[in-house]
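**Q** Before I ask anything, let me first share the structure, which is written out below as structure tokens.
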Amino acid sequence: MDSLRVVSGSTVLPWLDIRALLLFSLLFLVIADYMKNRRPSSFPPGPRALPLVGNIFTVDFTRAHESLTQLAGTYGDVYSLRMGQTWMVVLNGLKILKEALVTHADSFSERPTLPLQQTITHNHGIIMTNGPTWKQQRRFALSTLKFFGVGKKSLETAILVEFTFFAKEIAGHKGRPFQPHFTINSTVSNIICSLVFGHRFEYGDERFINIMRKLDRAIQIEVSIWAQLYNSFPVLMKCLPGPHHTVQHIWNEVKDLIKEELQQHKKNRDPAEPRDYIDCYLNEIEMSKGDAGSTFDEDNLVICTLDLFAAGSETTSTTLRWALLYMAKYPDVQEKVQAEIDRVIGSSRQPSMMDRANLPYTDAVIHEIQRMGNIVPLSIPHITNRDVQLGDYTVPKGVTIIPNLTSVLFDKHEWETPFTFNPGHFLNEERKFVKPAAFLPFSAGKRVCLGENLARMELFLFFTSLLQRFHFSMPAGVKPSLDYRFGLTLAPVHYEICATPRQD
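The structure is reproduced here in structure tokens:
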């Protein structure tokens, strides 16, 4: 019996030692986390953070823009959150956003290093880079897009030609219900494809359709809780299965498509007559050989092209999908737009950018769709490159900044009826078009969307052409739903719509 007691004791004591060690280790981690991540007295306030994970579970990532806007009601226009070990400051309201992104533009012009993005871009590209890489690549992209017609009549013609394919596709449904999602995506994507690849894709191209579908999935994953967990605990998350791996596979497929295009360009290009962005970039690589300060190489070309392709495909197409939905929901607005188009343009010719000044109501409707659609609700994160005094608080160097555009586009102090679709927000007493300062769908400051001019041209020409040719309504017995899917862009849930030709 005595020997049994000894054996029993020898098995119990080590187990007690292990539990005590684990408890001590956990307590040590919690105390160390608290000491390391205490908010300084001058730092913006915010909700209490859990040990280790911070506020990851404070935010509802299926509606993060609403969740962050609600927190502003409790903690003010400048407040902080901690995602894992990373501090973030959320900016709300026109005054604070302008103060940060415009007044202190130099201090807020950089992007944070996000592990998930790094695995995809390897610090290349335009959107998420900083310093010489960002400056050189953005400047080159802007000048090249301008060279190929952005903001000019030549691109206007290309957009209207693409619309003829789009209209034929819509007319083929003969007024029956159809899902417009990927047809619109393909139409808009073909404009940026013409600029960067030098050609368009057929709407029935299976590989192109597959890429469009996967991009749609990727933009949801990139701001999901899976992405936040990966960015907070990259070493751990690399070992765990989940959608954070799926998004990497999707972007690799897009990169493979771009690399194939690159190889074709290298085979048959004429350096003296560049046809598109890739040709111009290859010329730039040749010209900058031997320049130690140059950031132009084929790896950067692939990621810059990916940035242009993804951004140029998604934001405008999402806005147009909201546009059709709002027109079906508000048929009286649709009728007023069509009456103005009929009066100014008629049915015998296509719209032109020159018509915009004479279509104030149509222009107001487009802008109200952008406001209500709230396409990029939280913009793209910034990071401070020095300590900055913002309002009553000090934001230290190295803090991630979230510009909450939702808080501006729906600010009750800036808009007469912020939560109601009202084109009057963009019309003065003389019914002429005006653009309020709080209209910031493309963000502001040095990182303002480089595709803004292209998007504005596409939206006006595609929207007016659609309303000139078709009347849009929901299928019989179906009410329009404004439900959304949260991602890098805020998109309407998939819906069906009917397009009835207005004239033969």
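Take the position in the sequence shown, starting the count at 1, then add 10; the result is the number in our numbering. Each residue gets a CB set at the ideal place from its N, CA and C atoms; glycine is no exception. Small disclaimer: the values here were computed from a predicted structure and weren't measured.
Can you tell which of ASP70, ALA237, SER417, GLU271 has the C-alpha that lies nearest to the C-alpha of THR256?
**A** Nearest Cα to THR256 within the set ASP70, ALA237, SER417, GLU271: ALA237.
**Q** How long is the line joining the alpha carbons of ILE231 and PRO253, rounded to whole angstroms?
**A** Here the alpha carbon of ILE231 sits roughly 7 Å from the alpha carbon of PRO253.
**Q** Between LEU91, GLY455, PRO511, which has its C-alpha nearest PHE482's C-alpha?
**A** PRO511
**Q** Candidates GLY83, HIS209, ASN395, ILE295: which alpha carbon is nearest PRO281's?
**A** ILE295
**Q** Hey, quick one: how far does the beta strand (DSSP E) through TYR494 stretch, first residue to last?
**A** 494-496
**Q** May I ask which residues mark the beginning and end of the alpha helix (DSSP H) holding ASN220?
**A** 216-231
**Q** State the Cα-Cα distance for the pair ASP70 and VAL99, rounded to the nearest angstrom.
**A** 17 Å
**Q** Closer than 6 Å by C-beta to TYR279: which residues in its own chain qualify, once you throw out the five before and the five after it? Chain order, please.
**A** In the sequence as displayed, the identity of residue 279 is Arg instead of Tyr. Closer than 6 Å at the Cβ level, and outside the excluded window around ARG279, lie ASP289.
**Q** Assuming contact is defined by CB atoms lying nearer than 9 Å, are VAL418 and ILE393 in contact in what I supplied?
**A** Against a cut-off of 9 Å, the Cβ pair of ILE393 and VAL418 comes out as no contact.
**Q** So ASP317 and PHE158 are in contact, right, with Cβ under 8 Å, and what is the actual spacing, rounded?
**A** ASP317 to PHE158, Cβ: 16 Å. No contact.
**Q** How far does the beta strand (DSSP E) with LEU311 in it reach, from first residue to last?
**A** Where LEU311 is concerned, there is no enclosing beta strand (DSSP E), although the alpha helix (DSSP H) it sits in stretches over 308-339.
**Q** Buried or exposed: where does TYR505 fall if 16 or more other Cβ atoms within 10 Å of its Cβ makes it buried?
**A** buried
**Q** DSSP on GLU424, reduced to helix/strand/coil?
**A** Residue state for GLU424 is assigned as coil, using DSSP reduced to three classes.
**Q** Compare the Cα-Cα distances from PRO142 to each of GLU120, THR154, LYS162, ILE130 and report the closest residue.
**A** GLU120
**Q** Does the distance from the CB of LEU334 to the CB of VAL198 come in under 9 Å?
**A** no
**Q** Identify which residue in THR474, LYS445, HIS423, PRO502 has its Cα closest to the Cα of LYS105.
**A** HIS423
**Q** Evaluate the contact criterion for the segment 424-439 versus the segment 129-143: three or more CB pairs, one atom per stretch, below 8 Å.
**A** no
**Q** Measure how close the beta-carbons of ASP397 and LYS407 come, nearest whole angstrom, since I'm counting them as under 8 Å.
**A** 5 Å
**Q** How about ALA177 and THR326: are their beta carbons less than 9 Å apart?
**A** Between ALA177 and THR326, the CB-CB gap reaches or exceeds 9 Å.
**Q** With a threshold of 7 Å on Cβ separation, who are the neighbours of GLN380 within its own chain once the five nearest residues in sequence on each side are excluded?
**A** So the list reads THR329, PRO451, once near-sequence residues are dropped.
**Q** Between which two residues does the alpha helix (DSSP H) carrying PRO244 extend?
**A** 244-248
**Q** If you scan the segment 364-425 from start to end, which runs of the alpha helix (DSSP H) of 4 or more residues do you find wholly inside it?
**A** 370-383, 415-419
**Q** Rounded C-beta distance between LEU477 and GLN348? I'm assuming under 8 Å.
**A** 5 Å
**Q** Pull up the CB-CB distance for GLU179 and ASN200, whole angstroms please, since I reckon it's below 8 Å.
**A** That belief does not hold up - the Cβ atoms of GLU179 and ASN200 are roughly 12 Å apart, past 8 Å.
**Q** What is the rounded straight-line gap between the Cα of GLY130 and the Cα of ALA228?
**A** Reading off the sequence, residue 130 comes out as Ile, not Gly. Cα to Cα, ILE130 sits roughly 12 Å from ALA228.
**Q** For PHE480, which residues from the same chain have a beta carbon less than 7 Å from its beta carbon, with the 5 sequence-adjacent residues on both sides left out?
**A** ILE180, ALA509, THR510, PRO511, ARG512
**Q** Can you give me the start and stop residues for the beta strand (DSSP E) that LEU60 sits inside?
**A** Taken as a continuous stretch (DSSP letters only), LEU60 belongs to no beta strand (DSSP E), as it is neither H nor E.
**Q** Answer with buried or exposed for TYR494, where buried requires no fewer than 16 other C-beta atoms within 10 angstroms of its C-beta.
**A** buried
**Q** Note down, in chain order, each residue of its chain lying with its Cβ closer than 8 Å to the Cβ of ILE169, except the 5 sequence neighbours on either side.
**A** ILE201, MET467, GLU468, LEU471, PHE472
**Q** List the whole-angstrom C-beta distance separating LEU91 from GLY56, where the pair is believed to meet the contact cut-off of C-beta under 8 Å.
**A** 5 Å
**Q** Please list the terminal residues of the continuous beta strand (DSSP E) segment that includes ALA501.
**A** 500-502
**Q** Pick out whichever of THR193, THR372, LEU225, ASP342 has its Cα sitting closest to the Cα of HIS259.
**A** Closest option to HIS259, Cα to Cα, is LEU225.
**Q** For ILE235 and ILE66, which I take to be in contact (beta-carbon distance under 8 Å), what is that distance rounded to the nearest angstrom?
**A** 7 Å
**Q** Comparing alpha-carbon positions, which option in SER453, VAL88, VAL233, VAL458 lies nearest PRO73?
**A** The question names Pro, but residue 73 in the sequence shown is Arg. Checking every option, the nearest Cα to that of ARG73 belongs to VAL233.
**Q** Decide if LEU369 is buried, meaning its Cβ has at least 16 other Cβ atoms within 10 Å, or exposed.
**A** buried
**Q** Using the C-alpha atoms, what's the distance from THR305 back to PRO446?
**A** 38 Å
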